[in-house]
Amino acid sequence: MDNELLQQLMGEKIQIIKRYLIKIGSNPLDAEDIVQESLYKLILYIDSVEPEKVSSWLFRVALNNYYDLCRKQNRNVTLTMENQVFIDNQPLPEEHIDHIENREEINDTLNQLKPLYKHLLVLKYELELSYEEICEMLDMKLGTLKTYIFRARTQFKKTYEKGVKEH
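Read in order, the letters of the sequence shown are residues 1410 to 1576 in the working numbering.
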């Protein structure tokens, strides 16, 4: 494979991993550090990683590094609105406020799901990755992934509707 093409593909994977870490609660600087640490580990262990599994290996290592950082800092892995970027500090129109409130309800619901389900829904619907990309990142069979995403959506719907009824 052409070295330039390989760098481009890895660059895309790295950006996806960074965006994912930020979506699940990492601040951008920590996400950058986590990805760099993961790449360093990839360089150290490149001989023991199967070439077709580099992407999933890198994703798993980055996620484990994030969990380690959370344990060290004694924080929970939760989705928050503080990771959403707004263009300016102007007052938000009413429809944006409604969007933010709805976004907070969605994040609260996601945080109540099993971690695997939360991660799958973020990868599929927040980062808009294809089934194939998620399968590659998680080293998972397509049928298994579709089953998990179906279950995740079902659990999300039940949890969300329960939360709406309580309010």
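Yeah, the Cβ is synthetic: ideal placement off N, Cα and C, and Gly gets one too.
In this text the structure is predicted, and so the values were computed from the model without any measurement.
By the beta-carbon neighbour count (other beta carbons within 10 angstroms, threshold 16), Y1476 is exposed. DSSP, reduced to helix, strand and coil, places D1548 outside both helices and strands of the structure shown, so it counts as coil. P1524 and L1430 have their C-alpha atoms spaced approximately 14 Å apart. Contact between L1467 and I1426 holds, since their C-beta atoms are separated by about 7 Å, short of 8 Å. In the DSSP annotation of this structure, the continuous segment of the alpha helix (DSSP H) that includes D1442 starts and ends at 1437–1454.
E1513 and L1536 have their C-alpha atoms spaced approximately 17 Å apart. Cβ atoms of K1432 and V1531 come within 8 Å of each other, at about 5 Å.
Take A1440, set aside five residues on each side of it, and the residues of its chain with a beta-carbon closer than 6 Å to its own are K1427, L1430, I1431, in chain order.
DSSP, read as helix, strand or coil, puts E1459 in coil.
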